[in-house]
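Heads up: the structure comes next, in structure tokens.
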Amino acid sequence: MSNASNIKKDTITAKGFTIQVYTEDFRNDYVSLTDIARYKNKEEPNVVVANWMRNYSTIEYLGIWERLNNPNFKPIEFEGFLKEAGSNAFTLSPKKWSEITNAIGLLVKSGRGGGTYAHKDIAFKFAAWIS
């Protein structure tokens, strides 16, 4: 996300859960995956996100999304993750994914209101996986 003055914070409610949304110029919505994950695990939503990040299909989808939407995405680094995805020992945090591949679809915010946020396209995919 870019200039803080262009970013608007809002919430939506789904199935009784409040979900934070950040909107950048009303074009790019970033939805809290952490809040969505609370639907499955109220105590440890980060575990739900981590399990989703282990899947081959998740990494494949994230790579396709980044290639379509991010000219600065690093495809070589993505290919390395894709080769490992799905194996028993594979783990990948959203922060590591974003830092190593220069991804823009997943954002990690720390502190109050923090958590993992995803572009709405990715957030809908995550919500479908959860349900």
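Counting from 1 along the sequence shown, just add 6 to a position and that's the residue number in my numbering.
Glycine residues also receive a C-beta, built at the ideal position from the N, C-alpha and C atoms.
For the candidate residues the options, whose alpha-carbon lies nearest to that of residue i?
| i | options | result |
| --- | --- | --- |
| F132 | T29, T17 and R60 | R60 |
| T24 | N34, D35 and Y45 | Y45 |
| T19 | Y62, K80, S38 and T29 | S38 |
| E83 | K115, T107, E66 and K102 | T107 |
| D35 | A134, I110, N94 and E85 | I110 |
| T64 | F96, Y28, G121 and V114 | F96 |
| A91 | S116, D16, A124 and N57 | N57 |
| G121 | K102, Q26 and T17 | Q26 |
Output the distance between the C-alpha atoms of residue i and residue j, rounded to the nearest integer angstrom.
| i | j | result |
| --- | --- | --- |
| L112 | K126 | 10 Å |
| E50 | P81 | 31 Å |
| R68 | Y62 | For the sequence presented, residue 68 should be read as Leu rather than Arg. Taking the straight line joining both Cα atoms gives about 10 Å. |
| W103 | G22 | 30 Å |
| A124 | K115 | 11 Å |
| N94 | N78 | 30 Å |
So for residue i, helix, strand or coil by DSSP?
| i | result |
| --- | --- |
| T122 | strand |
With a cut-off of 8 Å on the beta carbons, I'd call residue i and residue j a contact; round off their distance for me.
| i | j | result |
| --- | --- | --- |
| V55 | P100 | 7 Å |
| L88 | E66 | 6 Å |
| I136 | W71 | About 18 Å separates the two Cβ atoms, so there is no contact after all. |
List in chain order: all unbroken alpha helix (DSSP H) runs of 4+ residues lying wholly within the region 13-87.
39-43, 51-59 and 62-75
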